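Numbered per my numbering, the sequence shown finishes at 652, counting up by one with no gaps.
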Amino acid sequence: MNKQELLRLSWENLWRMKFRTILTIIGVVIGTASIIVMVSIGNGAQKSITDELSGAGSVTTIQVYKDIGSTGMTMMAGGKKEDEKILNDDALKDLKRIDGVVAVTPVVNLSGATVDYDREQYGVSLMGVDYNVMEDMRYNTTSGKKPGANDHNSVILGKEVLSSYTLSSTGAQAQENTVAPEDLIGQNISLVISKTNANGDEETRTEKVKVTGVLESTGGSEDYSIIADYKLVTDLNQWQTGTKVNVKKQGYSEALVTVEDSSVVNTVTAQIEDFGFTVFSMQQILESMGSVFQMLQILLGGIGGVALLVACIGIVNTMTMSIYERTKEIGIMKVIGASISDIRNMFIAESTMIGLIGGIVGIIISFILSILINLIAGLFITTGNVTISYITPGLVVFALLFSAIVGLLSGVRPAIKAANLSSLDAIRSE
223 MNKQELLRLS WENLWRMKFR TILTIIGVVI GTASIIVMVS IGNGAQKSIT DELSGAGSVT
283 TIQVYKDIGS TGMTMMAGGK KEDEKILNDD ALKDLKRIDG VVAVTPVVNL SGATVDYDRE
343 QYGVSLMGVD YNVMEDMRYN TTSGKKPGAN DHNSVILGKE VLSSYTLSST GAQAQENTVA
403 PEDLIGQNIS LVISKTNANG DEETRTEKVK VTGVLESTGG SEDYSIIADY KLVTDLNQWQ
463 TGTKVNVKKQ GYSEALVTVE DSSVVNTVTA QIEDFGFTVF SMQQILESMG SVFQMLQILL
523 GGIGGVALLV ACIGIVNTMT MSIYERTKEI GIMKVIGASI SDIRNMFIAE STMIGLIGGI
583 VGIIISFILS ILINLIAGLF ITTGNVTISY ITPGLVVFAL LFSAIVGLLS GVRPAIKAAN
643 LSSLDAIRSE
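Set out below in structure tokens:
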């Protein structure tokens, strides 16, 4: 019996008992759809959080800090202060020489400042960076432009820099402001810095700066900060604290390193850590989250796999019943020349067809369910793009192959039983 005849005969035999076959296929459909939908929910959660974290800071930006932990260990071990690795200008030059690095800037922060505009005051934080490398950093503006290297008295505003919030039992609630950051582009604003002097009196310093643009939302601290030249922020910091920082000996509190693309982040991170600094990047968080979600997908897939296991039992039952009903037919086929392998392959082909048909229908239904889940979620979640269920091409291929393999394996035992039937006993059976 050639393969074409075998498949044709298997297909015809499969639909002799249509109702039983359909019920068996429905079991496979439910199992396949359960696996796909459950795993797709894990995929959707991973995609949503990954997109959120990717927006919370460029994956090509690495934050570098002085390694405070190693400093403490050095002092406890009796080491000299000179042995500490300082994040000063010399260290920044070393970082810039690492392959794959395109920009390095110190970061100087100042909190507690206010902006006076249109007789209103807004509390803000300042984030100072090196304007000489601003073009190479992953900062984009939604409107306006970034300051040039010589625009020391120009700033760009974070997307939420003028937002105000009030606390309630349901959390922080944004308040409507009459002024949007875009309204200030091209205008001069007053930065007011306050301090208490030695006599206990409050002093203020006002710095006039020009707004050149509004920063594209990053989801990070930049959204709530005014980006200014680090030399200006350093000067304001020294005035507020009354202490001049010796950068060569004390170093900066933070630096930002921008790399070519995400593929070199781990390599550059390892080299920076070898220099003795503490490093943080979104790439590290994304990789950690990836392993967590992989376990979640396995767990959810296992739960869905229980339904496919039940379907497997159904296939075995269907094929076993088919043997009892076709015992005499099997005996006649053997008498007229059908080999043991022909009988065995015929039953295996039937069970595999059940698995394939159930898998294909299950995939179609899972796509419909995924669309419905996302639509229903979108009715309740109004912020951003909602992706609760996300079906990948790899998941579809896996589900189809898995359902076919389940069908094949479920038919092996019944097929062997059918092939081993005695021809004479089979013919004599009623």
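In this text, a Cβ means the ideal position worked out from N, Cα and C, and glycines have one as well. Predicted model only: the values in this text are computed from it and were never measured.
Give the DSSP bridge partners of residue i, in chain order.
i: V326; result: V479
i: R427; result: I415
i: M349; result: N331 and I449
i: F499; result: K288
i: T336; result: G345 and V414
Please go through the same chain and pick out, in chain order, the residues whose beta-carbon is closer than 8 angstroms to the beta-carbon of residue i, but skip the five residues on each side of it.
i: L630; result: I570, S573, T574 and G577
i: S365; result: E404, I407, G435 and V436
i: H374; result: Y353, D451, K453 and L454
i: I494; result: I284, V286, L317, I320, V479 and V501
i: T456; result: V330, G350 and V467
i: I638; result: R566
How far does the alpha helix (DSSP H) with residue i in it reach, from first residue to last?
i: N192; result: The structure shown does not extend to residue 192, since the chain is modelled only from 223 to 652, so the question has no answer here.
i: I520; result: M504 to E547
i: E357; result: Note, E357: premise wrong, no alpha helix (DSSP H); not H, not E.
i: Q226; result: K225 to L236
i: T463; result: Y452 to T463
i: V469; result: V469 to Q472
Does DSSP put residue i in a helix, a strand or coil?
i: R193; result: Residue 193 lies beyond the residue range present for the chain, which begins at 223 and ends at 652; the question has no answer from this structure.
i: E438; result: coil
i: F624; result: helix
i: I494; result: helix
i: N410; result: strand
i: E342; result: strand
i: V433; result: strand
i: N421; result: coil
i: S209; result: Here the chain covers residues 223 to 652 and nothing more, so residue 209 does not appear.
i: M295; result: For M295, the pLDDT reaches just 40, beneath the cut-off of 50, and the residue's location in the model is therefore unreliable, leaving the point undetermined.
i: T614; result: coil
i: N265; result: helix
i: T558; result: Per the sequence shown, the amino acid found at residue 558 is Ile instead of Thr. Coil, per DSSP.
i: P636; result: helix
i: A371; result: coil
i: A641; result: helix
i: I552; result: helix
i: N310; result: coil
i: A402; result: coil
i: L384; result: coil
CB-CB under 6 angstroms to residue i, same chain, minus the five flanking residues each way: which ones, in chain order?
i: N419; result: E425
i: S270; result: T609
i: G249; result: A533 and G536
i: V538; result: S632
i: S333; result: S347
i: V583; result: V251
i: F589; result: none
i: Q519; result: V261 and G264
i: A371; result: Y353 and N354
i: A255; result: G584, I587 and S588
i: G301; result: Residue confidence for G301 is low, a pLDDT of 46 falling below 50, so the modelled location carries little weight; the figure read from the coordinates is stated next. The answer is none, since no qualifying residue turns up.
i: A640; result: I545, I552, I565 and F569
The beta strand (DSSP E) with residue i in it runs from where to where?
i: G577; result: Here G577 belongs to no beta strand (DSSP E); instead the alpha helix (DSSP H) covers I562 to F602.
i: T363; result: T363 to G366
i: T656; result: It is not possible to answer for residue 656, since the shown part of the chain is limited to 223 through 652.
Which same chain residues, not among the five before or five after residue i, have their C-beta less than 7 angstroms away from its C-beta?
i: K318; result: V326
i: Y344; result: T336, V337 and L384
i: Q505; result: V281, S484, V487 and N488
i: E444; result: M349, G380 and L437
i: E482; result: G322 and V324
i: W237; result: T243
Please look up how many angstroms separate the CB atoms of residue i and residue j, rounded, as I've assumed it's under 8 angstroms.
i: V323; j: V490; result: 6 angstroms
i: K625; j: G580; result: One point to set straight first is that residue 625 is Ser, not Lys, in the sequence displayed. Confirmed, about 6 angstroms.
i: K367; j: Y361; result: About 11 angstroms separates the two Cβ atoms, so there is no contact after all.
i: L531; j: I448; result: Contact doesn't hold; Cβ gap of about 59 angstroms is too wide.
i: I613; j: I258; result: 6 angstroms
i: Y446; j: E382; result: 5 angstroms
i: N459; j: V330; result: 6 angstroms
i: M511; j: T272; result: 7 angstroms
i: S475; j: I263; result: Not confirmed; about 41 angstroms, so no contact.
i: V377; j: V433; result: 6 angstroms
i: I585; j: A621; result: 6 angstroms
i: A267; j: F515; result: 7 angstroms
i: Q462; j: I415; result: 6 angstroms
i: D340; j: V401; result: 6 angstroms
i: K288; j: G473; result: 6 angstroms
Hey, does residue i have any beta-carbon neighbour from chain D nearer than 8 angstroms?
i: F624; result: Checking the listed chains, one finds no chain D in this structure; it contains a single protein chain.
At a cut-off of 7 angstroms, would you count residue i as near the ligand NAP, judging by its Cβ distance to the nearest heavy atom?
i: N310; result: Summarising the ligand content, the structure contains no ligands, and the ligand NAP is consequently not present.
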